[in-house]
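Here is the structure we will look at, set down as structure tokens.
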Amino acid sequence: MRDKDVTPEKLAEAFSIVMPYLSIFFDKELAVGITDREKYIGVFSDDNMQIKATENDSIPQGGAVYDALVSGEKIIKKVPKEVYGLYFKSYAVPIKDDSNKVKGVVVVGKNLEKSIKIYDLSKKLAEAIGQITDVIGNLTLGVQELVKLNDSTGNLVNGAIDTAKNTDDIINFVQSISKQTNLLGINAAIESARAGEVGKGFNVVAQEIRKLSNSSTESLGKIDSVLKEISKSVNSIHDDTKKTREFFEEQVAAFEQVNASIQELNSTSQILKDLAERV
5 MRDKDVTPEK LAEAFSIVMP YLSIFFDKEL AVGITDREKY IGVFSDDNMQ IKATENDSIP
65 QGGAVYDALV SGEKIIKKVP KEVYGLYFKS YAVPIKDDSN KVKGVVVVGK NLEKSIKIYD
125 LSKKLAEAIG QITDVIGNLT LGVQELVKLN DSTGNLVNGA IDTAKNTDDI INFVQSISKQ
185 TNLLGINAAI ESARAGEVGK GFNVVAQEIR KLSNSSTESL GKIDSVLKEI SKSVNSIHDD
245 TKKTREFFEE QVAAFEQVNA SIQELNSTSQ ILKDLAERV
């Protein structure tokens with residue numbers, strides 16, 4: 005900024021007039037300082053931008069004002085909280101005379117506290133999202149393992165159902181033999197009666213054959229009843245296994261949907277973080 009009529013004192017007077025209006029435009033988060041080559045000759049700050057600098061304060065080394073005085077160039081810097089008690093972005097523009105000599109600096113500070121909070125929150129959010137993503141990933145893997153185990157159980161149950169069907173064939177076959185044996189016993193008894201006294205011994209054998217047949221039939225009936233109950237239970241397990249698989253598949257789909265939403269949220273938090281860094 006070069007103008008023979010512009011002096012640090014005149015700028016200080018001008019900013020004292022326009023500062024209330026500038027505050028409106030910048031949400032009361034603005035500070036303006038005017039310096040000569042050695043000290044501040046005017047400091048104007050808003051309610052939300054109270055910096056630890058007053059008139060007649062010396063200019064600290066390393067800041068934007070000092071660098072602008074030394075270099076004669078516009079300087080933009082982020083000022084640590086330790087310097088003026090507030091973290092802000094500083095825009096320092098040198099005031100020059102006709103001979104291009106630096107007479108002072110006008111510096112504008114923009115509050116970055118909100119940006120820092122946004123940055124910190126977005127960083128914490130990203131970390132939390134990362135942890136949640138890991139948990140969801142582990143849960144998804146766990147459910148997928150359960151699906152595999154459930155499938156294995158389903159295969160075993162299907163095998164048991166097939167075996168139960170085979171036992172039905174065996175029981176039917178044995179029942180057929182038992183009926184034939186019983187019929188053979190009846191025929192033997194008839195022939196024994198015809199033989200009279202000579203066939204008495206044969207009659208004893210015929211009775212034992214019939215007893216064996218009746219006992220076999222009774223035992224087969226009990227076995228058939230037990231096997232039917234087992235088959236009923238196996239079929240029930242099969243139905244439950246099928247329902248469990250459907251439930252697990254729904255859970256996996258839900259986890260994947262949640263994970264997709266989390267990834268989208270993570271992208272948003274990263275954008276916030278990047279924006280906060282650029283302010």
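Heads up, this note's numbering is the position in the sequence shown plus 4, with the first residue counted as 1.
Here a beta-carbon is modelled for each residue, glycine too, at the ideal position from N, C-alpha and C.
Should residue i and residue j be called a contact, given that it needs their Cβ atoms to be closer than 8 Å?
i	j	result
residue 63	residue 73	yes
residue 36	residue 144	no
residue 98	residue 109	yes
residue 76	residue 59	no
residue 133	residue 273	yes
residue 227	residue 140	no
residue 40	residue 107	yes
residue 96	residue 57	no
residue 88	residue 120	no
residue 114	residue 33	yes
residue 242	residue 162	yes
May I have the straight-line CA-CA distance separating residue i from residue j, to the nearest angstrom?
i	j	result
residue 55	residue 11	24 Å
residue 158	residue 148	15 Å
residue 146	residue 152	10 Å
residue 259	residue 137	10 Å
residue 251	residue 156	16 Å
residue 284	residue 245	Because the chain in this structure spans residues 5 to 283, residue 284 falls outside the shown range and cannot be described.
residue 19	residue 129	41 Å
residue 166	residue 131	53 Å
residue 82	residue 268	31 Å
residue 94	residue 253	56 Å
residue 239	residue 135	42 Å
residue 44	residue 271	44 Å
residue 150	residue 247	13 Å
Look up residue i in the DSSP assignment and give the residues it is bridged to.
i	result
residue 48	36
residue 108	99
residue 62	43
residue 92	83, 115
Got a sec: is the Cβ-Cβ distance from residue i to anything in chain C below 8 Å?
i	result
residue 26	Looking for chain C here will not work: only one protein chain is present.
Query raised in the report: When the Cβ atoms of the region 17 to 28 are set against those of the region 43 to 62, are three or more pairs found closer than 8 Å?
Result: yes
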